[in-house]
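First up is the structure itself, then whatever we jot down about it.
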Amino acid sequence: METQAITDPRILIVVPCFNEEAAIATVVREINQVKLQFNLRLDILVVNDCSTDSSMAVIRGLNCLYLDLPVNLGIGGAMQAGYKYAYRNGYDIAVQMDGDGQHPANELIKILRPMVEGRGDVIIGSRFLEKAGFQSTALRRIGINYFRRLNFMLIRRAIYDSTSGFRAFNRRTLKIVNTYYPDEYPEPESIVQFGLYNLRIVEVPVTMRERQGGVSSINTGRAVYYMLKVTLGILFVYIRLFNKRVNLTN
Amino acid sequence: MASLSITIQIISLLGAAIFMIMIFRLIVQGRLREEYSIIWILCTVILIVFAIWRKGLEQISLLLGVYYPPSLIFLAAIFAIIVFLVHLSVVNSKLQNQIKDLSHEMAMMKKELSDIRAGMPILEANAAVAVHEK
Chain A
1 METQAITDPR ILIVVPCFNE EAAIATVVRE INQVKLQFNL RLDILVVNDC
51 STDSSMAVIR GLNCLYLDLP VNLGIGGAMQ AGYKYAYRNG YDIAVQMDGD
101 GQHPANELIK ILRPMVEGRG DVIIGSRFLE KAGFQSTALR RIGINYFRRL
151 NFMLIRRAIY DSTSGFRAFN RRTLKIVNTY YPDEYPEPES IVQFGLYNLR
201 IVEVPVTMRE RQGGVSSINT GRAVYYMLKV TLGILFVYIR LFNKRVNLTN
Chain B
1 MASLSITIQI ISLLGAAIFM IMIFRLIVQG RLREEYSIIW ILCTVILIVF
51 AIWRKGLEQI SLLLGVYYPP SLIFLAAIFA IIVFLVHLSV VNSKLQNQIK
101 DLSHEMAMMK KELSDIRAGM PILEANAAVA VHEK
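Chains as they are written, first to last, in full-length UniProt numbering: chain A, 1 to 250; chain B, 1 to 134.
Okay, structure coming up:
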């Protein structure tokens, strides 16, 4: 795969939203500010994953595009809807930014730059490369370290923040994600998927904030289930794709 | 002893027949798809066979070296149930995937519809790009 810079890219920011009535307006407004500041060809697509609060009413009043899912699909299903939209409508780059305000819009450029320069197919914003900003809780970092080791074991690449949802895909990646993207906790599993498709994964340091409202999809009670589910997901996606690997890389 | 055996034979035949009728009714009413009914019809046939062929269970048990014939029934039944449950999980997973795809399509169509109503141009040229790249 040649390193090719993308000139004047069309960018879609996908913002998954499940009960984020408190934060979503600020998230969209901040992205729009960055758009004006850097004069980007950028659209915002909020994917409402069947919120039970007034998120949908808030979203309708914002300066953004939106998809309103008829049933709750979970973060992976919601993101895939956004990626499908990006792929079908010819966007060059799709970026995931959470609806809870964890991913500050002024860090967006850091993610976009290596993508526009054509240095990677998947750009992941990482909290841990420069230990600045919100670092997540100790328990979660243990989990994140575990995923890093597991991923390294399987695809021989060290991704320091494998649970980071702050990531950008180019069209090559979008084409893959258009056909398959994990449902429930997609971030660590999709890294293995991308590794096996031989995509170039680049991590860049970003600063994250603590969530500005709403609740995390992972609470302590679900932590064990999360680890188990994601481990299984990673192992099976590895086995499934490993057999096809020769075809995939061509 | 012989009369007891006849009674249980009649009861199991009756039970199997009622079960079979139930399955047929469900299919006729369109509440059970044919592909899922096959296994139930098969089960009923087996029930009927063993209800008529009384020595059968004993003979098969002896053949397999099972000393207590009823335990063979439990073994076979539990095995069949587990296999069927796995089958249901597979069906369930498939349904879930289909629902996900349908939801995606529906969300996008809802958006397209509201765009059209708002008089926005449809991004047909872009859609063509995506198709071309496939």
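The C-beta atom is built at its ideal place from N, Cα and C for all residues, glycine as well.
With distances taken between CB atoms, is the gap from residue i to residue j smaller than 8 Å?
| i | j | result |
| --- | --- | --- |
| I93(A) | I11(A) | yes |
| F147(A) | S164(A) | no |
| V192(A) | Y83(A) | no |
| V95(A) | Y66(A) | no |
| E199(A) | Y160(A) | The residue you asked about is not Glu; residue 199(A) is Leu in the sequence shown. Cβ distance not < 8 Å, so L199(A) and Y160(A) don't count as in contact. |
| G74(A) | E210(A) | no |
| C64(A) | V34(A) | no |
| D49(A) | N72(A) | yes |
| I111(A) | G101(A) | no |
| V31(A) | A105(A) | Sequence check: residue 31(A) is Ile here, not Val. Against a cut-off of 8 Å, the Cβ pair of A105(A) and I31(A) comes out as a contact. |
| D121(A) | T173(A) | yes |
| A25(A) | V58(A) | yes |
Whose C-beta lies closer than 7 Å to the C-beta of residue i among residues of the same chain, with five residues either side of it excluded?
| i | result |
| --- | --- |
| S12(B) | L47, A51 |
| residue 254(A) | Outside the displayed range of chain A (1 to 250) lies residue 254(A), so it cannot be described from this structure. |
| R171(A) | D92 |
| V177(A) | Q80, Y83, F169 |
| P205(A) | S126, L129, E130 |
What would DSSP say about residue i, mapped onto helix, strand or coil?
| i | result |
| --- | --- |
| L129(A) | coil |
| T94(A) | The sequence as given places Ala at residue 94(A); Thr does not occur at that position. A94(A) falls in the strand class under three-state DSSP. |
| R156(A) | coil |
| N48(A) | strand |
| E58(B) | helix |
| P182(A) | coil |
| I6(A) | coil |
| L12(A) | strand |
| Y226(A) | helix |
| L62(A) | coil |
| D115(B) | helix |
Check the Cβ of residue i against every Cβ in chain C and list those closer than 7 Å, keeping chain order.
| i | result |
| --- | --- |
| A81(A) | Going by chain labels, chain C is absent from the structure shown, which instead holds the protein chains A and B. |
Name the DSSP bridge partner or partners of residue i?
| i | result |
| --- | --- |
| F169(A) | A94(A), V122(A) |
| C17(A) | N48(A) |
| V204(A) | G125(A) |
| I101(B) | Here residue 101(B) is Asp; the residue named in the question, Ile, does not match the sequence. D101(B) is not bridged to any residue. |
| D43(A) | L12(A) |
Apart from the five residues just before and just after residue i, which ones in its own chain have a Cβ nearer than 8 Å to its Cβ?
| i | result |
| --- | --- |
| I41(B) | M20, I23 |
| Q135(A) | R127, F128, R141 |
| F84(B) | I39 |
| L64(B) | L72 |
| V230(A) | F147, Y185, P188, E189 |
| P70(A) | C50 |
| D8(A) | R41 |
Can you list, in chain order, the residues of its chain with a C-beta nearer than 6 Å to that of residue i? Leave out the 5 residues immediately preceding and following it.
| i | result |
| --- | --- |
| L154(A) | V192, Y238 |
| A78(A) | P16, V47, D49 |
| M208(A) | Q102, R127, G133, F134 |
Members of the segment 97 to 123 of chain B near chain A, C-beta cut-off 7 Å
I99, K100, S103, H104, M106, A107, M108, K110, K111, L123
With 8 Å as the C-beta to C-beta threshold (strictly closer), list the residues of the segment 51 to 78 of chain A near chain B in chain order.
L65, Y66, L67, D68, L69, P70, V71, L73, G77
Interface positions of the segment 84 to 106 of chain A facing chain B (Cβ-Cβ less than 7 Å), listed along the chain
K84, Y85, Y87, R88, N89, G90
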